[in-house]
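Working notes, beginning with the structure itself.
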Amino acid sequence: MTPAVEIRNIAQFEGQDVLIQGWLYNLRESGKILFPLFRDGTGILQGVVVKSAVAPEVFESVRNLTQESSLRVWGKVRGEKRAPGGYELDVTKVEILQIVPTTRPYPITPKEHGVEFLMDHRHLWLRSTRQRAILGVRHEIIRACRDFFDDREFTLVDTPILTPSACEGTTTLFEVNYFDEKAYLTQSGQLYNEAAAMAVGKTYCFGPTFRAEKSKTRRHLTEFWMVEPEVAFARLDDIMTLAEELVAFVVARVLERRREELKTLERNVSKLEVCVPPFPRLAYDDAVKMLKEKGSEIVWGSDFGGTDETLLSESFDRPVLVHGYPSDIKAFYMQPDPARPEVALSADMLAPEGYGEIIGGGERAADEQLLLRRIEEQKLPREAFEWYLDLRRYGSVPHAGFGMGIERVVAWICGLDHVRETIPFPRMLYRLTP
RNA sequence: UCCUCGGUAGCUCAAUGGUAGAGCAUUCGGCUGUUAACCGAAGGGUUGCAGGUUCGAGUCCUGCCCGAGGAGCCA
Numbered sequence: 210m211t212p213a214v215e216i217r218n219i220a221q222f223e224g225q226d227v228l229i230q231g232w233l234y235n236l237r238e239s240g241k242i243l244f245p246l247f248r249d250g251t252g253i254l255q256g257v258v259v260k261s262a263v264a265p266e267v268f269e270s271v272r273n274l275t276q277e278s279s280l281r282v283w284g285k286v287r288g289e290k291r292a293p294g295g296y297e298l299d300v301t302k303v304e305i306l307q308i309v310p311t312t313r314p315y316p317i318t319p320k321e322h323g324v325e326f327l328m329d330h331r332h333l334w335l336r337s338t339r340q341r342a343i344l345g346v347r348h349e350i351i352r353a354c355r356d357f358f359d360d361r362e363f364t365l366v367d368t369p370i371l372t373p374s375a376c377e378g379t380t381t382l383f384e385v386n387y388f389d390e391k392a393y394l395t396q397s398g399q400l401y402n403e404a405a406a407m408a409v410g411k412t413y414c415f416g417p418t419f420r421a422e423k424s425k426t427r428r429h430l431t432e433f434w435m436v437e438p439e440v441a442f443a444r445l446d447d448i449m450t451l452a453e454e455l456v457a458f459v460v461a462r463v464l465e466r467r468r469e470e471l472k473t474l475e476r477n478v479s480k481l482e483v484c485v486p487p488f489p490r491l492a493y494d495d496a497v498k499m500l501k502e503k504g505s506e507i508v509w510g511s512d513f514g515g516t517d518e519t520l521l522s523e524s525f526d527r528p529v530l531v532h533g534y535p536s537d538i539k540a541f542y543m544q545p546d547p548a549r550p551e552v553a554l555s556a557d558m559l560a561p562e563g564y565g566e567i568i569g570g571g572e573r574a575a576d577e578q579l580l581l582r583r584i585e586e587q588k589l590p591r592e593a594f595e596w597y598l599d600l601r602r603y604g605s606v607p608h609a610g611f612g613m614g615i616e617r618v619v620a621w622i623c624g625l626d627h628v629r630e631t632i633p634f635p636r637m638l639y640r641l642t643p
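Per our numbering, the very first residue in the first sequence carries number 210; after that it's consecutive.
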């Protein structure tokens with residue numbers, strides 16, 4: 210029985226008869242010789258069919274194949290310098306599973322296409338070499354995050370997606386009808402993470418989050434994934450170090466295991482190779498000074514705009530940690546600096562090359578009275594936070610954590626100019642399908 | 001919500017207010033080493049929608065719809 214093999218392992222089968230199961234990627238024809246390109250999800254392999262060397266029906270069935278028709282193909286593997294990939298399949302037999310009709314040919318040709326067309330055909334676009342490479346890197350990044358926390362004895366505690374209220378009242382939430390009651394899709398696992406940290410010490414959650422903001426930029430999705438660690442007894446410095454080690458670990462893992470994919474994406478890996486700790490740390494105060502020197506119109510007390518983030522990150526060759534943001538622009542649960550209450554013990558990490566904020570976090574307010582005051586100031590519904598306040602009533606301890614946006618990390622590591630390619634099926638302001 | 005740009009063949013794009021075109025894709029033909037193969041031929045159009053100006057509108061004007069980039073907001 211001929212073994213079914215994956216194209217990525219084809220080199221191991223040189224000289225042997227194998228079975229490939231996949232799709233037709235492309236077909237070149239030159240009279241009495243055919244060069245079908247097969248893809249199986251793991252790679253692309255060129256086949257050769259010479260008319261005089263095979264049965265007429267084999268030649269005819271390959272000749273009539275259309276792009277993305279599904280098939281099984283048998284043949285002998287041969288090293289061949291002229292073939293892309295260095296190996297070639299001398300086809301002896303094909304079994305067509307489904308032929309794509311010429312009346313409705315596969316829409317995505319090996320030529321260029323516009324963004325809208327590709328997004329409308331995202332379910333098919335995923336088959337392309339470039340998209341497969343991105344999916345591979347995304348998978349590696351997610352696995353690296355899990356390995357990082359699992360290896361450090363963090364306990365994964367899943368947080369709910371349906372929530373009764375806002376984590377931070379200010380942002381727009383997607384509302385859903387929950388048995389005639391209002392519920393919202395989560396925008397962060399943060400508050401529940403704090404409860405989990407009090408139970409297990411070190412925890413993380415990893416799931417989708419939703420923001421109903423009408424943001425329409427290359428950095429925004431309405432549905433995206435975050436990994437969020439939370440550590441009891443940790444202070445701001447601890448969490449900054451944790452963030453730094455996480456990012457360095459993830460980058461190193463991708464460089465180690467996904468070189469091929471980065472090459473496909475034409476990523477300049479030298480920009481990633483320098484991302485080793487320590488990362489520069491910059492107080493918000495100094496960041497504002499620096500931005501003013503560079504011509505920004507930022508004033509102390511306001512948040513960075515997209516341009517400011519780019520300006521800042523361009524000054525460093527690796528991710529930079531900005532800490533000590535004004536309390537007023539941070540969420541109600543942020544711990545104020547005891548020495549300077551107008552500043553919060555918060556930290557964001559900005560990715561290099563203008564990819565913007567990839568991490569946001571800090572130390573959480575541990576005092577019940579302080580939280581109550583801030584909930585009132587921000588006009589949040591106190592009832593919804595009673596359970597959260599319980600965490601300060603029953604053995605409150607200092608603790609800190611952060612959230613890392615997976616898609617922005619994928620965009621940065623892959624060197625993409627838009628987050629829409631970092632997630633299999635992006636959800637954006639004007640995009641809910643496919 | 002605002003600003004800018006765009007919408008012409010299945011796709012990517014051309015077309016001074018004067019006969020709607022090219023490349024790719026599809027079909028047919030040719031080619032025994034192709035590399036987004038190449039060569040030849042054919043089919044393929046309510047120029048986003050609705051009005052208006054004009055002898056004549058893809059082109060100018062008004063409104064609307066859809067999309068892209070950005071701002072605001074945010075991660």
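The beta carbon of each residue, even a glycine, is placed where N, CA and C say it ideally should be.
Taking the Cα positions, Val440 is about 47 Å away from Gln221. In the structure shown, Trp596 adopts helical secondary structure according to DSSP, grouped into three states. Distance from the CA atom of Trp334 to the CA atom of Phe363, rounded to whole angstroms, is 37 Å. In the structure shown, Ser337 falls within a coil segment according to DSSP collapsed to helix, strand and coil. Following the DSSP letters along the chain, one finds Pro265 inside the alpha helix (DSSP H) bounded by residues Pro265 to Arg272. Cβ contact annotation for Thr631 (same chain, cutoff 6 Å, sequence separation greater than five): Glu616, Val619 and Ala620, in chain order. Where Asp249 is concerned, there is no enclosing beta strand (DSSP E), because DSSP gives it neither an H nor an E. Less than 8 Å separates the beta-carbon of Leu500 from that of Leu520. In the DSSP assignment, Asp494 is bridged to no other residue. Look at the beta carbons and you see the segment 212-231 touching the segment 281-288: at least three pairs across the two are nearer than 8 Å. Unbroken alpha helix (DSSP H) stretches of 4 residues or longer found wholly inside the segment 303-368: 324-329, 331-334 and 338-360, given in chain order. At the C-beta level, Glu277 and Val324 stay beyond 8 Å of one another.
Secondary structure at Ala262: helix, using DSSP grouped into helix, strand and coil.
Using a Cβ-Cβ distance cut-off of 8 Å, the segment 564-576 and the segment 537-556 are in contact, since at least three pairs of beta carbons, one from each stretch, lie closer than that value.
Residue burial annotation: Thr318 is exposed, with fewer than 16 other C-beta atoms found within 10 angstroms of its C-beta. For Thr516, same chain residues with a beta-carbon under 8 Å away, outside a window of 5 residues either side, are Ser505 in chain order. Met210 counts as exposed, since fewer than 16 other C-beta atoms from the protein chains shown sit within 10 angstroms of its C-beta. In the DSSP annotation of this structure, the continuous segment of the beta strand (DSSP E) that includes Asn235 starts and ends at Asp226 to Ser239. Secondary structure in the segment 568-592: the alpha helix (DSSP H) runs of 4 residues or longer, each lying completely within the stretch, are 577-586 in chain order. Boundaries of the alpha helix (DSSP H) around Asn402: Gln399 to Val409.
In this structure, Cys414 keeps its C-beta atom at 8 Å or more from the C-beta atom of Val459.
Distance from the Cα of Tyr603 is smallest, within the candidate group Gly624, Asp576 and Ile584, for Asp576.
Contact check for Trp232 against Ser279 passes: the beta carbons are separated by less than 8 Å. Collapsing the DSSP output to three states places Ser605 in coil. The alpha-carbon of Tyr296 is positioned some 13 Å away from that of Ile229. For Ser522, the enclosing alpha helix (DSSP H) begins and ends at Gly515 to Ser522.
As computed with DSSP, Gly256 is found in a beta bridge with Leu298. Looking at Gln340, Leu371 and Ala405, the one whose alpha-carbon comes closest to that of Glu390 is Leu371.
Less than 8 Å divides the Cβ of Phe433 from the Cβ of Gly614. The C-alpha of Leu598 lies about 13 Å from the C-alpha of Glu585.
Taking all protein chains shown into account, Arg313 has fewer than 16 neighbouring C-beta atoms within 10 Å of its C-beta and is therefore exposed.
The beta carbon of Leu464 sits closer than 8 Å to those of Leu471, Val478, Leu481 and Glu482, all from its chain and outside the five residues before and after it, given in chain order. Between Val606 and the set Glu403, Leu474 and Arg490, the nearest pair of CA atoms involves Glu403. Shown here, Ala553 sits in a strand according to DSSP, grouped into three states. If you ignore the 5 residues before and after Pro369, its C-beta comes within less than 7 Å of the C-beta of Thr395 and Tyr401, all in its own chain and listed in chain order. Going by beta carbons, Val346 and Val300 fall outside the 8 Å limit.
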